[in-house]
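S.K.: Here you go, one structure.
Number of protein chains: 2
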Amino acid sequence: MASSVAAVKANCKKQTKCSDHVKELNNVRPKQPFFFLKPTSSIVLPGQGPVVRPKGVNLHYEVELGLVMGKEVKDLDPTDEQGAMDAIDSYFLGIDMSARNIQEEAKKKGLPWSISKGFDTFLPISHPIPKSTIPDPHNALIWLKVNNQVRQHDSTELMLFRIPRLVSDISKVMTLEKGDLILTGTPKGVGPVGTGDVMTAGLEVSGKEVKEASLEVP
Amino acid sequence: MASSVAAVKANCKKQTKCSDHVKELNNVRPKQPFFFLKPTSSIVLPGQGPVVRPKGVNLHYEVELGLVMGKEVKDLDPTDEQGAMDAIDSYFLGIDMSARNIQEEAKKKGLPWSISKGFDTFLPISHPIPKSTIPDPHNALIWLKVNNQVRQHDSTELMLFRIPRLVSDISKVMTLEKGDLILTGTPKGVGPVGTGDVMTAGLEVSGKEVKEASLEVP
Ligand SMILES: [Mg+2]
Ligand SMILES: [Mg+2]
Ligand SMILES: [Mg+2]
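Structure below.
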């Protein structure tokens, strides 16, 4: 299992299609990628059960492309695109579940985000996606439906900070280790889910669904 | 090695001796213990080298009593003191190194604390301290010196939230696993260290230094 999970906040370009996530969350467009940690105890493996909404929580989904690191990365040069790509072992699709009301209160009060992002079951992930299946990780379509209604559906080309920059920035703070997971940020369309809702999510490359990425979470 | 490190923020009682840490950081006295995660990559084992100050960082020490969890704990009742104590395998002394300027900026902007708390080498820890060595973890003295000058020196009796409450609150968010570490919060006296400074830290029980707790960090 992963040793650490780093997740990037609000990472989408100033484009009509995607900038809405920044607006949705009243975020200021960042000059650098900020990130936070999710505990490994939040991970739900494929088919391993539902996301549990803690009492009083406004539970939001955020579908994201994930990276599984294949080796140690420390202080990576942001221009070393090849180095970043070589350090990735495989991809996954993940849903960065967020207790939005707790997160908003934490933001207001200057408190850490760990509670709002870290409850048990707050990170359903797909099977690993072989690297060769996604030849260009900045040209894949990720989507999420709630009860079969499309809520998120955007290309990873809309990332404000691209993968080499994310890996570099994180590696300048904390050494990435083999098996660490990185969530790369979500496109527009985040919103609430309640009891009984079923989330499905997937990833398309060149118009074809990637089977390993397929997620269904009650 | 630990799978997760949870650290409790500003946890000291309204007493002259200790409340200064809350003032020092302009924190509002909390109604509940808040906590954040440090990555396992921040851990420095005894004798394994210096704390590295990242460029431009106002680096602060925070000496803290640490818990090593001995079993899984999920949704623990806060009144179950025995359950909390039984779940602890051993203790340790740790220094929760903090990039204070980055943390202050994150607080102002409502950003996550992970960068300010998570740089490599930001968690020097001592050897494990056998549980029997600290018969009452709320009655131990922890201290930290910089270049042999005392900077922190207070009893763990000053914790605002005691250990069973901390373990309970964390376990209601994230299931604690065997090997997880918890930092219980620092007493007053936090302050900066620079290049060339040497931190020493220790823990006394009934007026006697506990040898396993002894830390020296260049
Ligand atoms: Mg997210
Ligand atoms: Mg971890
Ligand atoms: Mg601390």
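Those protein sequence lines, which keep their order, are chains E and H. Taking the numbering used here, I'd label the letters of the first sequence as residues 1089 to 1306. Taking the numbering used here, I'd label the letters of the second sequence as residues 1089 to 1306. The beta-carbon is built from N, C-alpha and C at its ideal position, and this holds for glycine as well. Bear in mind that the values here come from a model prediction, so they are computed numbers and not experimental data.
Output the distance between the C-alpha atoms of E/SER1220 and E/SER1256, rounded to the nearest integer angstrom.
M.R.: Taking the first sequence and counting its residues from 1, one reaches residue 1220 of chain E at position 132. Taking the first sequence and counting its residues from 1, one reaches residue 1256 of chain E at position 168. The alpha-carbon separation between E/SER1220 and E/SER1256 amounts to approximately 22 Å.
S.K.: Shorter than 7 Å, the distance from the beta carbon of E/LEU1155 to the closest heavy atom of ligand 1, or not?
M.R.: In the first sequence, counting from the first residue as 1, residue 1155 of chain E sits at position 67. Answer for E/LEU1155: no, Cβ out of range of ligand 1.
S.K.: Is any non-hydrogen atom of ligand 1 found closer than 7 Å to the C-beta of E/LEU1271, if you look at the structure I gave you?
M.R.: Within the first sequence, residue 1271 of chain E is the residue found at index 183, counting from 1. For ligand 1, at least one heavy atom lies less than 7 Å from the Cβ of E/LEU1271.
S.K.: Less than 7 Å between C-beta atoms, sequence neighbours within five positions excluded: which residues of the same chain meet that for E/SER1130?
M.R.: In the first sequence, counting from the first residue as 1, residue 1130 of chain E sits at position 42. Cβ neighbours of E/SER1130 beyond the five flanking positions: GLY1206, PHE1207, ASP1208, THR1209, PHE1210 and LEU1211.
S.K.: Could you tell me how far apart the beta carbons of H/ILE1183 and H/LEU1155 are, in whole angstroms, since I believe they sit closer than 8 Å?
M.R.: Stepping through the second sequence from its first residue, residue 1183 of chain H is reached at position 95. Stepping through the second sequence from its first residue, residue 1155 of chain H is reached at position 67. So it is not a contact: roughly 15 Å between Cβ atoms.
S.K.: Are three or more beta carbon pairs between the stretch 1248-1255 of chain H and the stretch 1186-1206 of chain H nearer than 8 Å?
M.R.: no
S.K.: What are the boundary residues of the beta strand (DSSP E) that E/GLY1171 is part of?
M.R.: Working through the first sequence from its first residue, we reach residue 1171 of chain E at position 83. According to the DSSP assignment, E/GLY1171 belongs to no beta strand (DSSP E) but to the alpha helix (DSSP H) extending over 1169-1174.
S.K.: Can you list, in chain order, every residue whose CB sits closer than 5 Å to a heavy atom of ligand 3?
M.R.: Those satisfying the condition are, in chain order, H/GLU1150, H/ASP1184 and H/THR1274.
S.K.: Let me check understanding here. Comparing Cα to Cα, which of H/ASP1168, H/LYS1266 and H/VAL1278 lies closest to H/LEU1232?
M.R.: Residue numbering aside, residue 1232 of chain H sits at position 144 when the second sequence is read from its first letter. With distances taken between Cα atoms, H/LEU1232 lies closest to H/VAL1278.
S.K.: Exposed or buried, what is H/ASN1099 when buried is set at 16 or more other beta-carbons lying within 10 Å of its beta-carbon?
M.R.: The residue you call residue 1099 of chain H lines up with position 11 of the second sequence. H/ASN1099 comes out buried.
S.K.: Please list the terminal residues of the continuous beta strand (DSSP E) segment that includes E/ARG1239.
M.R.: Taking the first residue of the first sequence as 1, we reach residue 1239 of chain E at position 151. Note, E/ARG1239: beta strand (DSSP E), 1237-1243.
S.K.: Does the beta carbon of E/LEU1271 come closer than 8 Å to any beta carbon on chain H?
M.R.: By one-based count along the first sequence, residue 1271 of chain E stands at place 183. In terms of beta-carbon proximity, E/LEU1271 stays away from the interface with chain H, with every pair separated by 8 Å or more.
S.K.: Return the residues of the stretch 1206-1220 of chain E that lie within a Cβ-Cβ distance of less than 8 Å from chain H, sorted by chain order.
M.R.: GLY1206, PHE1207 and ASP1208
S.K.: Listed from N- to C-terminal order along the chain, which residues in the stretch 1248-1265 of chain H have their beta-carbon within a distance smaller than 7 Å of any beta-carbon of chain E?
M.R.: Against chain E - using a Cβ distance shorter than 7 Å - the residues of the stretch 1248-1265 of chain H are VAL1261, MET1262, THR1263 and GLU1265.
S.K.: Just checking my contact of E/SER1092 with E/ASP1242 at CB under 8 Å: how many whole Å lie between their CB atoms?
M.R.: Translated into positions along the first sequence, residue 1092 of chain E becomes position 4. Translated into positions along the first sequence, residue 1242 of chain E becomes position 154. So it is not a contact: roughly 27 Å between Cβ atoms.
S.K.: Among H/ASP1224, H/PHE1122 and H/ILE1190, which residue has its Cα nearest to the Cα of H/LEU1291?
M.R.: Stepping through the second sequence from its first residue, residue 1291 of chain H is reached at position 203. Closest in C-alpha terms to H/LEU1291, from the list H/ASP1224, H/PHE1122 and H/ILE1190, comes H/ASP1224.
S.K.: What residues match up with E/HIS1148 in a beta bridge as DSSP calls it?
M.R.: Counted from its first residue, the first sequence places residue 1148 of chain E at position 60. Residue pairing for E/HIS1148: DSSP places it in a beta bridge opposite E/SER1186 and E/PRO1280.
S.K.: Short check: CB of E/LEU1303 to CB of E/LEU1153, under 8 Å?
M.R.: The residue given as residue 1303 of chain E occupies position 215 in the first sequence. The residue given as residue 1153 of chain E occupies position 65 in the first sequence. Cβ distance not < 8 Å, so E/LEU1303 and E/LEU1153 don't count as in contact.
S.K.: Restricting to Cα atoms, I'd like to know which of E/VAL1238, E/GLY1158 and E/LEU1271 is closest to E/ILE1213.
M.R.: Counting from 1 along the first sequence, the entry for residue 1213 of chain E is found at position 125. Taking only the C-alpha atoms, the option nearest E/ILE1213 is E/LEU1271.
S.K.: DSSP state of H/VAL1139, grouped into three classes?
M.R.: Counting from 1 along the second sequence, the entry for residue 1139 of chain H is found at position 51. Reduced to three states, the DSSP call for H/VAL1139 is coil.
S.K.: Does E/GLN1237 pass the burial test, meaning 16 or more other C-beta atoms within 10 Å, or should it be called exposed?
M.R.: Mapped onto the first sequence, residue 1237 of chain E falls at position 149. Here E/GLN1237 is exposed, its C-beta having fewer than 16 other C-beta atoms within 10 Å.
S.K.: Ligand 1 heavy atoms versus the CB of E/GLU1152: any closer than 7 Å?
M.R.: On the first sequence, residue 1152 of chain E is found 64 positions in, with the first residue counted as 1. Yes, the Cβ of E/GLU1152 comes within 7 Å of a heavy atom of ligand 1.
S.K.: Should E/LEU1121 go down as buried or exposed, given a rule of 16 or more other Cβ atoms within 10 Å for buried?
M.R.: Locating residue 1121 of chain E in the first sequence gives position 33, counting from the first residue. With the sequence shown as reference, residue 1121 of chain E is identified as Pro, and Leu is not the correct amino acid for it. Per the 10 Å Cβ criterion, buried.
S.K.: Of all Cβ atoms in chain H, is any one closer than 8 Å to the Cβ of E/ILE1318?
M.R.: What is shown of chain E runs 1089 to 1306, which leaves residue 1318 of chain E out entirely.
S.K.: Per DSSP, what kind of secondary structure is H/GLU1192 in: helix, strand or coil?
M.R.: By one-based count along the second sequence, residue 1192 of chain H stands at place 104. In the structure shown, H/GLU1192 falls within a helical segment according to DSSP collapsed to helix, strand and coil.
S.K.: Helix, strand or coil: how does DSSP classify H/ASP1177 here?
M.R.: Sequence index remark: in the second sequence, residue 1177 of chain H carries index 89 (1-based). H/ASP1177 falls in the strand class under three-state DSSP.
S.K.: Between H/PRO1121 and chain E, is there a C-beta pair that is closer than 8 Å?
M.R.: Taking the second sequence and counting its residues from 1, the one referred to as residue 1121 of chain H is at position 33. No, H/PRO1121 does not count as interfacial toward chain E.
S.K.: List the residues of chain E that H/SER1092 touches, going by C-beta distances under 8 Å, in chain order.
M.R.: Along the second sequence, one-based indexing puts residue 1092 of chain H at 4. Residues of chain E passing the Cβ test: PRO1127, THR1128 and SER1129.
S.K.: Let me check you understand the geometry: is the CB of E/ALA1095 closer than 7 Å to at least one non-hydrogen atom of ligand 1?
M.R.: Along the first sequence, read from residue 1 onward, the residue named residue 1095 of chain E stands at position 7. Within the cutoff, so yes.
S.K.: Rounded to whole angstroms, what is the Cα-Cα separation between E/LYS1126 and E/ALA1095?
M.R.: Position 38 of the first sequence holds residue 1126 of chain E. Position 7 of the first sequence holds residue 1095 of chain E. Near 7 Å, if we compare the C-alpha coordinates of E/ALA1095 and E/LYS1126.
S.K.: Give the secondary structure of H/LEU1254 by DSSP, where H, G and I count as helix, E and B as strand, and everything else as coil.
M.R.: On the second sequence, position 166 is the one that residue 1254 of chain H refers to. H/LEU1254 carries a helical assignment under DSSP once its states are collapsed to helix, strand and coil.
S.K.: Can you name the start and end residues of the beta strand (DSSP E) that E/LYS1219 belongs to?
M.R.: For the purposes of this step, residue 1219 of chain E is taken as residue 131 along the first sequence, with counting starting at 1. Premise fails: E/LYS1219 is in no beta strand (DSSP E) and is neither H nor E.
S.K.: Our contact map puts H/VAL1139 next to H/VAL1286 with C-beta atoms below 8 Å; I'd like the distance itself, whole angstroms only.
M.R.: Taking the second sequence and counting its residues from 1, the one referred to as residue 1139 of chain H is at position 51. Taking the second sequence and counting its residues from 1, the one referred to as residue 1286 of chain H is at position 198. Actually they are not in contact, since the Cβ atoms of H/VAL1139 and H/VAL1286 sit about 10 Å apart, beyond 8 Å.
S.K.: With respect to the alpha helix (DSSP H) encompassing H/GLY1206, which residues constitute its N-terminal and C-terminal limits?
M.R.: What you label residue 1206 of chain H is simply residue 118 of the second sequence in a count that begins at 1. H/GLY1206 -> alpha helix (DSSP H) spans 1202-1206.
S.K.: Would you mind sorting E/SER1294 into buried or exposed? The rule is 16 or more other CB atoms within 10 Å of its CB.
M.R.: Taking the first sequence and counting its residues from 1, the one referred to as residue 1294 of chain E is at position 206. By the neighbour-count rule (16 or more Cβ atoms within 10 Å), E/SER1294 is not buried but exposed.
S.K.: Is it buried or exposed, H/GLU1297, if we count other Cβ atoms within 10 angstroms and call 16 or more buried?
M.R.: Taking the second sequence and counting its residues from 1, the one referred to as residue 1297 of chain H is at position 209. Classification of H/GLU1297: exposed, given that the 10 Å Cβ count is below 16.
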